[in-house]
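**Student:** With this note's numbering applied, the sequence shown corresponds to residues 272 to 452, in that order. Note that the Cβ used here is the ideal one computed from N, Cα and C, for glycine as well. For reference, the structure I am asking about is given below.
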Amino acid sequence: MAVILTISGSPAESSATARLLSSHAVPRLVTQGHDVVHLALRDLPPAPLLAQDADHPRLRQAAGLLAGADGVVVATPVYKAAYSGLLKAFLDAMPRSGLAGKHVLQLVVGHDPAQGHPTHQALETVLLSMGARGRPDRCFLTGSAAREPSGPRHTDAIRRLDHALDRFGAHWRVPAGRGAA
272 MAVILTISGS
282 PAESSATARL
292 LSSHAVPRLV
302 TQGHDVVHLA
312 LRDLPPAPLL
322 AQDADHPRLR
332 QAAGLLAGAD
342 GVVVATPVYK
352 AAYSGLLKAF
362 LDAMPRSGLA
372 GKHVLQLVVG
382 HDPAQGHPTH
392 QALETVLLSM
402 GARGRPDRCF
412 LTGSAAREPS
422 GPRHTDAIRR
432 LDHALDRFGA
442 HWRVPAGRGA
452 A
C-alpha cells in the first residue's frame with residue numbers, strides 16, 4: 272500500500288506520545304497493509320538539529336525518510352499550548368517542500384483538550400507551508416488515554432484515534448475493481 276513515516280516529537284524518554292504510536296497507531300497502520308517507519312526525534316543529535324545542519328548524516332538520513340514516505344504521522348505532546356520545540360526544530364531543519372504532496376495526520380497528546388485546537392492550528396500552518404497535501408487530518412488525546420489506550424475510561428478517545436487512523440490510511444486504498452491487472 273504505502274510507506275508511512277511516524278514521527279514522535281516528544282523529547283521525553285518515557286513518553287505517552289511515543290507509546291501511543293508504538294502500541295496503537297503503528298500496529299493499526301500495519302494491519303491496513305502499510306509499511307511503517309518510525310523516527311523518534313529525541314534520538315537525533317541536538318547540536319546539528321538546532322543548527323539546522325542539513326549536511327549532518329543523521330539529518331540527511333531523516334530527510335531521506337521523510338522524502339521516501341507516502342504519508343506522515345506527526346505525533347507531539349503539548350507544551351504550554353504548543354507542539355514540542357523538538358518537533359519545531361526538526362521541521363525547521365527539513366527541506367521547505369519536505370511534505371510536498373504527502374498526506375499528514377497530526378496526533379496531539381496533552382492534558383487539556385482546550386489546548387488541542389490551537390496546537391493543531393499552529394502545527395497545521397507549518398505542515399501546509401511544507402507542502403502537505405490538503406488540510407492534515409488531526410486527533411487529540413489526553414496523556415492518560417495515550418498511556419492506557421485499552422483502559423475503559425478511554426474508549427471514546429481510542430475510537431476517535433482509530434477513526435483518524437482509518438481515514439488517514441484510506442488515502443492509499445485501491446477502490447474495488449481498480450486493482451492491478
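Just checking my contact of Glu395 with Arg406 at CB under 8 Å: how many whole Å lie between their CB atoms?
**Tutor:** Indeed, because the Cβ distance is near 7 Å, the residues count as touching under 8 Å.
**Student:** Three or more beta-carbon pairs under 8 Å between the segment 353–365 and the segment 386–395, yes or no?
**Tutor:** With a cut-off of 8 Å, the segment 386–395 and the segment 353–365 count as touching, because enough Cβ pairs lie within range.
**Student:** What are the start and end residues of the alpha helix (DSSP H) that includes Ser400?
**Tutor:** That run of the alpha helix (DSSP H) goes 387–400.
**Student:** I'd like to confirm something about His309: is its beta-carbon nearer than 8 Å to some heavy atom of the ligand MN, or not?
**Tutor:** Looking for the ligand MN in the displayed structure turns up nothing, as the structure carries no ligands at all.
**Student:** Going by DSSP, what residues sit across from Gly342 in a beta bridge?
**Tutor:** According to DSSP, which records beta bridges pairwise, Gly342 is partnered with Ile275, His374.
**Student:** Would you call Leu370 buried or exposed, if buried means 16 or more other Cβ atoms sit within 10 Å of its Cβ?
**Tutor:** Its Cβ being crowded by 16 or more others within 10 Å, Leu370 is buried.
**Student:** How many Å lie between His327 and Pro366 at the Cα?
**Tutor:** Whole-angstrom Cα-Cα distance: 14 Å.
**Student:** Relative to the C-alpha of His442, which candidate in Gly387, Gly402, Gly372, Asp427 has its C-alpha closest?
**Tutor:** Here the closest residue by C-alpha is Gly372.
**Student:** Beta-carbon separation of Ile275 and Leu310 under 9 Å?
**Tutor:** No, the pair does not count as a contact, with Cβ atoms beyond the cut-off.
**Student:** Could you pull the start and end residues of the alpha helix (DSSP H) that Asp437 belongs to?
**Tutor:** It spans 426–440 - the alpha helix (DSSP H) in which Asp437 sits, taken as one unbroken run.
**Student:** According to the neighbour-count rule (16 or more other Cβ atoms, all chains shown, within 10 Å of its Cβ), is Val344 buried or exposed?
**Tutor:** Classification of Val344: buried, given that the 10 Å Cβ count is 16 or more.
**Student:** Consult DSSP for Ala353 and reduce its assignment to one of helix, strand or coil.
**Tutor:** Note: Ala353 maps to strand in three-state DSSP.
**Student:** Excluding sequence positions up to five away, which residues of its chain have a Cβ less than 8 Å from the Cβ of Asp433?
**Tutor:** So the list reads Arg299, once near-sequence residues are dropped.
**Student:** From Ser286 to Gly381, what distance separates their C-alpha atoms?
**Tutor:** Each residue's alpha carbon lies about 11 Å from the other.
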